[in-house]
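In the working numbering, the protein residues as written are 4 to 151.
One structure is given here, and the rest of the page talks about it.
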């Protein structure tokens, strides 16, 4: 009888630890998915920037465009010098570069982000693998707890 009570306590403690680990892994998976979503959105924004640059390079001079000024508001502006782009390079620093150089810089950012996305996907896969390993153990221990 003492042995049975000790085993029950041990199983209960093991179940609690596995449940805690499972909750932690699920939280990690959620965080990784959120990071992947952010990276995907950034890649899409950069790809859209490349499309705009190509259009501006080909058809831009003299065209009137709407420039966002914040909070969904725009002002009309005429493109005067479509050969160059002012690009943010970090730390609130911007540089003027040619459209071709801007495209190259954006493509490099996309490549970096795609590499980051692959790393995040690998980590998510590993976390999901661990979840799938632990989940059957938790379910079995929970069934044993319910039978008591």
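Glycine is no exception: its CB is placed at the ideal position from the N, C-alpha and C atoms.
On a predicted model such as this, the values are computed, not experimentally measured, just so you know.
At the level of alpha carbons, what is the spacing between residue i and residue j?
{"i": "residue 13", "j": "residue 148", "result": "11 angstroms"}
{"i": "residue 25", "j": "residue 61", "result": "54 angstroms"}
{"i": "residue 23", "j": "residue 96", "result": "45 angstroms"}
{"i": "residue 65", "j": "residue 59", "result": "10 angstroms"}
{"i": "residue 115", "j": "residue 90", "result": "17 angstroms"}
{"i": "residue 51", "j": "residue 78", "result": "20 angstroms"}
{"i": "residue 63", "j": "residue 73", "result": "23 angstroms"}
{"i": "residue 11", "j": "residue 146", "result": "13 angstroms"}
{"i": "residue 141", "j": "residue 117", "result": "35 angstroms"}
Span of the beta strand (DSSP E) holding residue i?
{"i": "residue 85", "result": "Segment: none, residue 85 is in no beta strand (DSSP E) and carries neither H nor E."}
{"i": "residue 2", "result": "For residue 2 there is no data in the structure shown, the boundaries of the chain being 4 and 151."}
Between residue i and residue j, is the Cβ-Cβ spacing less than 7 angstroms?
{"i": "residue 138", "j": "residue 18", "result": "no"}
{"i": "residue 109", "j": "residue 46", "result": "no"}
{"i": "residue 42", "j": "residue 120", "result": "yes"}
{"i": "residue 100", "j": "residue 88", "result": "yes"}
{"i": "residue 35", "j": "residue 123", "result": "yes"}
{"i": "residue 102", "j": "residue 56", "result": "yes"}
{"i": "residue 67", "j": "residue 81", "result": "yes"}
Along the chain, where does the alpha helix (DSSP H) containing residue i start, and where does it finish?
{"i": "residue 80", "result": "It is not in any alpha helix (DSSP H) - residue 80 instead sits in the beta strand (DSSP E) that spans 76-81."}
{"i": "residue 3", "result": "Here the chain has residues from 4 to 151 only, and residue 3 is not among them."}
Is it the case that the CB of residue i approaches a heavy atom of the ligand COA more closely than 6 angstroms?
{"i": "residue 90", "result": "As presented, the structure is devoid of all ligands, the ligand COA included, so that no description of it is given."}
Counting pairs of Cβ atoms below 8 angstroms between the segment 13-29 and the segment 124-137, do you hit three or more?
The segment 13-29 vs the segment 124-137: in contact.
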